[in-house]
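The block underneath contains the structure these notes are about, expressed in structure tokens.
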Amino acid sequence: MYEAEIVNGEIKTGKVIGSFYDNYQTVYDNKGQKTQQDLYYFNDNLCYRYLFIYTKNGLLKEKQILDSDGKSLYKYIYKYDENGNETEQNIVYHDGSLMNKTKAQYSKDLLMMKTFFDDKGNITTSNEYYYNQDNKLIRFIIYEGSKKLISSRYEYTYDKKGNRLSEELYYSNDSLGHRCTYTYDSRGNILEEMQYNQSGMLFSKIVYRYNSEGKIIETSHYNENNTLSSQYIYKYNDEGMLVEMQKTGENLNYKTSYVYLDQDRHNNWVKRIEYLDDKPVRITVRTFEYYK
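For the numbering used here, add 1364 to where a residue sits in the sequence shown, where the first one is 1.
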């Protein structure tokens, strides 16, 4: 797989050996904006090409999708308000006909309403958003069609630090669908996520652990019987880079590890080998070109 990251410049991607995944090759301009991304099959044949066009202010104006022969399939066209908020997204086919459209309304940069349209311009659904005095989302209502028939709604609560404490889903008849609660440490890292069904019975729990640098080192998933169903353990090197992720559970156990071979003068790694259960499966080579 091609990996593309940038620090004030363009990446010229390297060839990957022994990968069964699709490959990506991405090009950036001297402003750090993604201008082209090519998606390849594992045999290096081009699948799709994505072209990106920006406004003078650096906002994405258009994203075009081409097939392997360079023929335009469809494109995304974006519009913004004076504050840079996306107010409209149109997806159109190569002949200019509409696939679908989305419109958004804002108040002081807060998203208040998002409306979705079909290819005929008819409203399919719309979302309405409500916030507290700290601009935290406290209610999210989903409507069906143009008559604003409530389909469902979400309710959220927060602590004094702005951490989300709960999420509740309600259906159109005001019955509870599910409820999630969250707890945090003093740094704001989530420690525990509890999920309850409509009867208030616990059906899932996730417990998180972190190291002294705040990096996650363990996530443990429990089922409705409070029995451990799966666990992920993460290990890092002295530079804070992920070197191992081990998954254990009822259905699948595996270990993914990373070896970083080289770094450039800006301490960005340029070569990495990925192992699956101690067998090399991917080599990634990155070349950075820095702009002065």
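Even glycine gets a Cβ: it sits at the ideal position worked out from N, Cα and C.
Residue i, DSSP secondary structure in three states
i	result
Glu-1588	coil
Met-1609	strand
Glu-1653	strand
Ser-1568	strand
Gln-1397	coil
His-1542	strand
Tyr-1405	coil
Asn-1491	strand
Arg-1573	strand
Lys-1635	strand
Glu-1508	strand
Asn-1454	strand
Thr-1419	coil
Lys-1643	strand
Glu-1446	coil
Tyr-1385	Because the pLDDT at Tyr-1385 is just 42, under 50, the model does not fix this residue reliably, and the value given afterwards should be weighed accordingly. In the structure shown, Tyr-1385 sits in coil (DSSP, three-state: anything other than H, G, I, E or B).
Glu-1426	strand
Arg-1413	strand
Tyr-1560	strand
Glu-1519	strand
Gln-1497	coil
Lys-1619	strand
Glu-1614	coil
Ser-1432	coil
Thr-1648	strand
Arg-1528	strand
Residue i classed as buried or exposed, judged by whether at least 16 other C-beta atoms fall within 10 angstroms
i	result
Asn-1537	exposed
Gly-1382	Unreliable placement is indicated for Gly-1382, whose pLDDT of 37 sits below 50; the coordinate value is still reported in the next sentence. Answer is exposed; the Cβ neighbour count stays below 16.
Leu-1430	buried
Lys-1439	buried
Lys-1569	buried
Lys-1465	buried
Thr-1648	buried
Asn-1387	buried
Thr-1390	buried
Tyr-1385	Low confidence applies here, because Tyr-1385 scores a pLDDT of 42, under 50, leaving its location unreliable; read the following figure in that light. Exposed, by the Cβ-count rule.
Tyr-1560	buried
Tyr-1618	exposed
Tyr-1493	buried
Gln-1627	exposed
Proximity below 8 Å, CB of residue i to CB of residue j
i	j	result
Lys-1635	Leu-1625	yes
Tyr-1412	Leu-1403	yes
Ile-1505	Asn-1491	yes
Leu-1606	Tyr-1600	yes
Tyr-1507	Leu-1474	no
Tyr-1414	Lys-1425	no
Glu-1531	Tyr-1522	no
Tyr-1444	Leu-1462	no
Thr-1451	Lys-1467	yes
Met-1565	Glu-1588	yes
Arg-1646	Glu-1653	no
Tyr-1470	Asn-1454	no
Tyr-1596	Glu-1582	yes
Gly-1552	Lys-1579	no
Top-ranked residue by Cα proximity to residue i, from the options
i	options	result
Gln-1562	Arg-1543, Gln-1389 and Glu-1450	Arg-1543
Tyr-1546	His-1585, Val-1571 and Ile-1637	Val-1571
Ser-1510	Tyr-1495, Ile-1487, His-1585 and Ser-1516	Ile-1487
Ile-1554	Lys-1472, Ser-1584, Lys-1478 and Gly-1564	Ser-1584
Asn-1421	Leu-1410, Asp-1433, Asn-1409 and Asn-1447	Asn-1447
Asp-1459	Lys-1435, Phe-1481 and Thr-1479	Lys-1435
Asn-1527	Lys-1500, Gly-1613 and Leu-1616	Lys-1500
Lys-1395	Lys-1478, Asn-1409, Leu-1410 and Ile-1417	Ile-1417
Arg-1629	Lys-1643, Asp-1549 and Thr-1651	Thr-1651
Gly-1613	Tyr-1622, Gln-1627 and Ser-1594	Ser-1594
Lys-1643	Ser-1621, Arg-1573 and Tyr-1405	Ser-1621
Glu-1603	Leu-1437, Gly-1485 and Trp-1633	Trp-1633
Asn-1575	Asp-1549, Met-1476, Lys-1478 and Tyr-1457	Asp-1549
Leu-1540	Val-1623, Ser-1516 and Asn-1615	Ser-1516
Asp-1483	Thr-1399, Gln-1497 and Tyr-1457	Tyr-1457
Thr-1479	Leu-1529, Lys-1512 and Tyr-1534	Lys-1512
Gln-1400	Thr-1419, Asn-1409, Lys-1427 and Asp-1408	Lys-1427
Arg-1503	Gly-1485, Glu-1556 and Tyr-1534	Tyr-1534
Asn-1590	Arg-1573, Glu-1557, Lys-1472 and Met-1477	Glu-1557
Gln-1397	Met-1476, Tyr-1405, Thr-1419 and Leu-1410	Thr-1419
Closer than 8 Å to chain B by CB, residue i
i	result
Ser-1516	Given the protein chain composition of this structure (a single chain), no chain B is represented.
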